[in-house]
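> Quick one: the structure is below, and I'll ask about it shortly.
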Amino acid sequence: MPELPEVETIVRGLRDPLLGKRVVGARLRRKTLYRRGSLPLRRLIARTVVSVDRVGKNAVLRFEPTAVLLINLGMTGQLELWEAGAQSMGNPKHFHARVRFAGGTELRYFDARRFGHFYVAEACDLEQDLNIGPDPFIATPTHLRRVLYGRTAPIKSLLLDQRVLSGIGNIYADETLFLARIDPRTDGGEVLPNARRVLSSARTILNRAIDHGGSTLRDYRKHDGSKGGFQVHHAVYGREGEGCIRCGRAIHKIMLGGRGTHFCPRCQK
DNA sequence: AGCTTCGCCTGCTTGC
DNA sequence: TGCAAGCAGGCGAAGC
Numbered sequence: 000m001p002e003l004p005e006v007e008t009i010v011r012g013l014r015d016p017l018l019g020k021r022v023v024g025a026r027l028r029r030k031t032l033y034r035r036g037s038l039p040l041r042r043l044i045a046r047t048v049v050s051v052d053r054v055g056k057n058a059v060l061r062f063e064p065t066a067v068l069l070i071n072l073g074m075t076g077q078l079e080l081w082e083a084g085a086q087s088m089g090n091p092k093h094f095h096a097r098v099r100f101a102g103g104t105e106l107r108y109f110d111a112r113r114f115g116h117f118y119v120a121e122a123c124d125l126e127q128d129l130n131i132g133p134d135p136f137i138a139t140p141t142h143l144r145r146v147l148y149g150r151t152a153p154i155k156s157l158l159l160d161q162r163v164l165s166g167i168g169n170i171y172a173d174e175t176l177f178l179a180r181i182d183p184r185t186d187g188g189e190v191l192p193n194a195r196r197v198l199s200s201a202r203t204i205l206n207r208a209i210d211h212g213g214s215t216l217r218d219y220r221k222h223d224g225s226k227g228g229f230q231v232h233h234a235v236y237g238r239e240g241e242g243c244i245r246c247g248r249a250i251h252k253i254m255l256g257g258r259g260t261h262f263c264p265r266c267q268k
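Numbering (numbering that gives the first Met the number 0), first residue to last: 0 to 268.
Below is the structure:
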């Protein structure tokens, strides 16, 4: 599942190869992958990439003359950087879009479950149009306290809400709460005194994950087709029944807000 | 408004 | 062995 570390890894890999390149062809075959209000992908033809960044879990490419391409990978989206003459790594069965650049480089999009979204606009206010909050590297404890104040939903569910904090998905929500030693079922409003610890834990986990190129459970791949390495460092996610790395007690798995949630009942209060 | 559930979608896993 | 049901979940919509 491409969360912040996975998208950050992909974006870093795409930045140098794409900066300054001019689009000579672009096509998205499956219309359902467009986010509402998007211009067609071919609108990018004859424009040049001037920046490649990440906002929350989205990859954001900006162009001159003015245009912006926003890609959300959903659950199984893959961005492959393809060079002329190379073998494609993606499954052709799930090939949905390509952007061709002068010189022969292509950006290819694969997505088995098709939960991803493309959004093309002449200009856009990202935070407003995406309706997302700051990511954990940008957010302050004050911001977190403000958005959690009085909330009765479980903190785990609120960490998944991109309007509260952007970039965190199911894996890193569980890992963050383990490091912060907070029970995922705790009411959001009761976490206010620990907002600083939640934020610093999120940053620690996300930074570690980025250092390892993200977590590959099944589908996630970097831009060059290789896998991430952080999955072997998960403390709780996917470790139901195994021993807690801190106290040895079995990790529990419950459903919270419809999501599988992993935690140590002894270490997380 | 806030909280929860559902639907989208495919492929791997589980159970009969 | 084979088939059907179960499960995974990011995100937006719908229901309460």
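All C-beta atoms, glycine included, are put in the ideal place defined by N, C-alpha and C. Small disclaimer: the values here were computed from a predicted structure and weren't measured.
Per the DSSP calculation, residue 61 is bridged to which residue(s)?
Indexing the first sequence from 1 puts residue 61 at position 62. Per DSSP, 50 and 67.
> Rounded to a whole number of angstroms, what is the C-alpha to C-alpha distance between residue 104 and residue 190?
Along the first sequence, one-based indexing puts residue 104 at 105. Along the first sequence, one-based indexing puts residue 190 at 191. Going from the Cα of residue 104 to the Cα of residue 190 covers about 48 Å.
> With a cut-off of 8 Å on the beta carbons, I'd call residue 272 and residue 250 a contact; round off their distance for me.
Since the displayed the chain opens at 0 and closes at 268, residue 272 lies outside it and no answer follows.
> Using only the alpha-carbon positions, how far apart do residue 74 and residue 58 sit?
If you number the first sequence from 1, residue 74 lands on position 75. If you number the first sequence from 1, residue 58 lands on position 59. Cα to Cα, residue 74 sits roughly 14 Å from residue 58.
> Could you tell me if residue 246 is buried or exposed, where buried requires 16 or more neighbouring beta carbons within 10 angstroms of its beta carbon?
Against the first sequence, residue 246 aligns to sequence position 247. Its Cβ having fewer than 16 others within 10 Å, residue 246 is exposed.
> Could you give the distance in angstroms between the alpha-carbon of residue 86 and the alpha-carbon of residue 78?
For the purposes of this step, residue 86 is taken as the residue at position 87 of the first sequence. For the purposes of this step, residue 78 is taken as the residue at position 79 of the first sequence. Near 15 Å, if we compare the C-alpha coordinates of residue 78 and residue 86.
> Could you give the distance in angstroms between the alpha-carbon of residue 88 and the alpha-carbon of residue 180?
Along the first sequence, one-based indexing puts residue 88 at 89. Along the first sequence, one-based indexing puts residue 180 at 181. Spanning the two alpha carbons is a distance of roughly 40 Å.
> Quick one: what's got a C-beta closer than 8 Å to residue 36's C-beta in the same chain, skipping five residues either side?
Against the first sequence, residue 36 aligns to sequence position 37. Hits under 8 Å: 118 and 120.
> Given a threshold of 16 other Cβ atoms within 10 Å of its Cβ, counted over all protein chains shown, does residue 149 qualify as buried or as exposed?
Locating residue 149 in the first sequence gives position 150, counting from the first residue. Burial call: exposed.
> Should residue 60 and residue 96 be called a contact, given that it needs their Cβ atoms to be closer than 8 Å?
In the first sequence, the residue the question calls residue 60 occupies position 61. In the first sequence, the residue the question calls residue 96 occupies position 97. No, the pair does not count as a contact, with Cβ atoms beyond the cut-off.
> Would you call the segment 104-115 and the segment 123-143 in contact, with 3 or more CB pairs under 8 Å?
No: the two stretches stay apart, fewer than three of their Cβ pairs being nearer than 8 Å.
> Quick one: grab the DSSP three-state call for residue 252.
As a first step, residue 252 must be located in the first sequence, where it is residue number 253. Correct three-state label for residue 252: strand.
> In three-state terms, what does DSSP make of residue 128?
For the purposes of this step, residue 128 is taken as the residue at position 129 of the first sequence. In the structure shown, residue 128 sits in a helix (DSSP, three-state: H, G or I).
> Which one of 196, 93 and 227 has the shortest CA to CA distance from residue 143?
Residue 143 sits at position 144 when you count from the first residue of the first sequence. Answer by Cα proximity: 196.
> Would you list the residues sitting across from residue 153 in a DSSP beta bridge?
Taking the first sequence and counting its residues from 1, the one referred to as residue 153 is at position 154. 186.
> Got a sec? Which residues, its chain only, sit under 8 Å from residue 230 by beta carbon, not counting five neighbours each side?
For this step, residue 230 is matched to residue 231 along the first sequence. Within the same chain, residue 230 has close Cβ partners 214, 215, 216 and 237.
> Looking at residue 194 and residue 167, is the spacing between their C-beta atoms short of 8 Å?
Along the first sequence, one-based indexing puts residue 167 at 168. Along the first sequence, one-based indexing puts residue 194 at 195. No; because the gap between Cβ atoms is not below 8 Å, this pair is not in contact.
> In the DSSP assignment, what are the bridge partners of residue 10?
Residue numbering aside, residue 10 sits at position 11 when the first sequence is read from its first letter. DSSP output for residue 10 lists no bridge partner at all.
> Is residue 229 helix, strand or coil by DSSP?
In the first sequence, the residue the question calls residue 229 occupies position 230. Residue 229: helix per DSSP, three-state reduction.
> With a threshold of 7 Å on Cβ separation, who are the neighbours of residue 157 within its own chain once the five nearest residues in sequence on each side are excluded?
On the first sequence, position 158 is the one that residue 157 refers to. So the list reads 147, 150, 163 and 187, once near-sequence residues are dropped.
> How about residue 135 and residue 198: do their beta carbons lie closer than 8 Å?
One-based indexing of the first sequence puts residue 135 at position 136. One-based indexing of the first sequence puts residue 198 at position 199. Yes. Within cutoff.
> For the alpha helix (DSSP H) that residue 174 lies in, which residues bound it at each end?
In the first sequence, residue 174 corresponds to position 175, counting from 1. From DSSP, the alpha helix (DSSP H) with residue 174 extends over 169-178.
> Please name the residue or residues paired with residue 119 in a DSSP beta bridge.
Sequence index remark: in the first sequence, residue 119 carries index 120 (1-based). Paired residues: 68.
> Scan the segment 73-100 and note each continuous beta strand (DSSP E) run of 3 residues or more that stays entirely inside, going in chain order.
Fully enclosed beta strand (DSSP E) runs of 3 or longer: 76-81 and 94-100.
> Just the Cα atoms here: how many angstroms apart are residue 82 and residue 93?
Here residue 82 corresponds to residue number 83 of the first sequence, with the count starting at 1. Here residue 93 corresponds to residue number 94 of the first sequence, with the count starting at 1. Distance between the alpha carbons of residue 82 and residue 93: 19 Å.
> Comparing C-alpha positions only, which one of 209, 102 and 114 sits nearest to residue 12?
Along the first sequence, one-based indexing puts residue 12 at 13. Residue 209 is the option with its Cα nearest to residue 12.
> For residue 260, does the three-state DSSP call read helix, strand or coil?
Locating residue 260 in the first sequence gives position 261, counting from the first residue. Reduced to three states, the DSSP call for residue 260 is strand.
> Output the boundary residues of the alpha helix (DSSP H) element that contains residue 207.
Residue 207 sits at position 208 when you count from the first residue of the first sequence. Segment 194-210, the alpha helix (DSSP H) holding residue 207.
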